[in-house]
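Per our numbering, the very first residue in the sequence shown carries number 716; after that it's consecutive.
Please read the structure below before turning to the comments.
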Amino acid sequence: MPDRKTAVITGASSGIGSIYADRLAKRGYDLVLVARRLDRLEGLADKIKKAYGVNVEVLQADLEKDSDVAKVEHLLSTNPAVRVLVNNAGLARLKPLEQAPLQDSLAQIALNITALTRLTHAVLPAFRKLNEGVIINIASVLSIHAWSASAVYSGTKGFVMNFTRGLQDEFANTGVKVQLVNPASTATEIWDNSGIPLSALNQESVMTTENMVDASLAGFDMGETITWPSVADATLWDKYDAARAALFAATQTGKPAPRYNLA
Ligand SMILES: NC(=O)c1ccc[n+]([C@@H]2O[C@H](COP(=O)([O-])OP(=O)(O)OC[C@H]3O[C@@H](n4cnc5c(N)ncnc54)[C@H](OP(=O)(O)O)[C@@H]3O)[C@@H](O)[C@H]2O)c1
């Protein structure tokens with residue numbers, strides 16, 4: 716059993732993933748940084764090694780590609796030091812569906828859903844065996860909200876929400892922790908790549924990347940399973956979830972609702 720513990724972070728070459736890398740190294744984890752831009756990964760790895768003296772490896776992978784996802788799956792299923800997986804890599808293409816190339820939709824599904832699901836599958840057997848491990852899934856406030864430009868992106872984040880909640884149920888009362896993080900607008904490159912420039916947002920609604928990650932890790936330390944970094948009134952989520960549970964319970968009647976007049 717190795718003494719050192721490793722955190723694997725997807726999408727570590729910029730934004731939220733790069734700050735998770737910094738913060739997890741500060742907490743003493745060795746790192747494997749995953750993304751496509753090798754120069755960025757190597758630059759960050761050097762900086763983190765110097766700052767914290769931990770081991771940092773980089774793994775160049777395009778997580779929209781089957782063979783590259785397989786490389787990360789292999790790492791997760793064979794490296795016995797892995798204790799944390801941050802499923803952070805994500806892509807937003809914010810356009811009405813009728814104006815969007817099909818490829819944009821498929822790319823979001825491949826990265827935000829398929830890769831995240833595959834990597835989670837790959838890491839879970841070891842976590843189950845050890846009865847230890849942390850998965851942090853980065854969804855979005857758009858997991859509960861959609862508008863005309865976000866049908867696919869919101870759909871992918873809705874998947875991450877339900878996928879994570881199901882896993883939380885599966886691993887309840889074990890040593891395996893699964894956290895869902897729902898950031899609101901955060902000042903990263905995702906916006907300028909999405910079709911909606913960061914500068915077009917109401918700047919008061921935009922959080923710094925550092926604050927987003929620090930709040931999420933504070934939420935994790937407090938035992939939160941679902942973290943809304945920007946939401947001041949935590950009872951809003953409790954009420955939303957209670958309404959959801961009540962609606963679900965109300966579906967279990969086995970009969971058409973009286974308003975459909977089917978007798
Ligand atoms: N910023 C926000 O307002 C916001 C709000 C809610 C949720 N989020 C979520 O936060 C997560 C991180 O995004 P961010 O805001 O930090 O954006 P970002 O700065 O654009 O970072 C996205 C990361 O994903 C990686 N990535 C993109 N396509 C990839 C691919 N095909 N294969 C491997 N890696 C890929 C990028 O690296 P390479 O380009 O080097 O591959 C980059 O490291 C995403 O899941 C996003 O949906 C962001």
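Note that beta-carbon positions come from the ideal geometry of N, C-alpha and C, so glycine has one too.
Since the model is a prediction, treat every value here as computed from it, not as a measurement.
- Residue 944 has its alpha-carbon roughly 6 Å from the corresponding atom of residue 930.
- Close CB contacts of residue 774 within its chain, under the 6 Å cut and outside five residues either way in sequence, are with 747, 749 (chain order).
- Bridge pairing for residue 901: 922 [DSSP].
- When the five nearest sequence neighbours on each side are left out, the beta carbons in the same chain lying within less than 6 Å of the beta carbon of residue 799 are those of 722, 849, in order along the chain.
- Bounds of any beta strand (DSSP E) do not take in residue 730; it lies within the alpha helix (DSSP H) bounded by 730 to 741.
- For residue 934, the shortest C-beta to heavy atom distance toward ligand 1 is 6 Å or greater.
- The beta carbon of residue 785 lies closer than 8 Å to none in the same chain, with the five residues before and after it left out.
- Between residue 854 and residue 875 the beta-carbon gap is near 4 Å, inside 8 Å, which marks them as a contact.
- The beta carbon of residue 735 sits closer than 6 Å to the beta carbons of 724, 801, 928 from its chain, once the five residues preceding and following it are set aside; these are given in chain order.
- Not one heavy atom of ligand 1 falls within 6 Å of the beta-carbon of residue 974.
- Taking every protein chain shown into account, the CB of residue 872 has 16 or more other CB atoms within 10 angstroms, so this residue is buried.
- Rounded to the nearest angstrom, the gap between the Cα atoms of residue 852 and residue 901 is 16 Å.
- Taking 7 Å as the cut-off, the beta carbon of residue 925 is found no closer than this to the beta carbon of residue 729.
- Taking 7 Å as the cut-off, the beta carbon of residue 804 is found no closer than this to the beta carbon of residue 767.
- Taking the Cα positions, residue 962 is about 34 Å away from residue 919.
- Rounded to whole angstroms, the separation of the alpha carbons of residue 954 and residue 771 is 42 Å.
- Bridge partners of residue 892 according to DSSP: 849.
- At a threshold of 6 Å, residue 901 counts as near ligand 1, since its beta carbon sits closer than that to one of the ligand's heavy atoms.
- Residue pairing by DSSP puts residue 774 in a beta bridge opposite 749.
- Taking the C-beta atoms as reference points, residue 782 is found no nearer than 7 Å to residue 837.
- Just so you know, the alpha carbons of residue 913 and residue 906 end up roughly 5 Å apart.
- Assignment of residue 941 by DSSP, reduced to helix, strand and coil, places it in the strand class.
- With a threshold of 16 other beta carbon atoms within 10 Å, residue 916 falls short and is exposed.
- Under the three-state reduction of DSSP output, residue 911 falls in the coil class, being neither helix nor strand.
- Excluding sequence positions up to five before and after residue 731, its CB lies within less than 8 Å of the CB of 803, 853, 898, 901, 903, 924, 927, 928, all in the same chain and listed in chain order.
- The Cβ atoms of residue 738 and residue 932 lie closer than 7 Å to each other.
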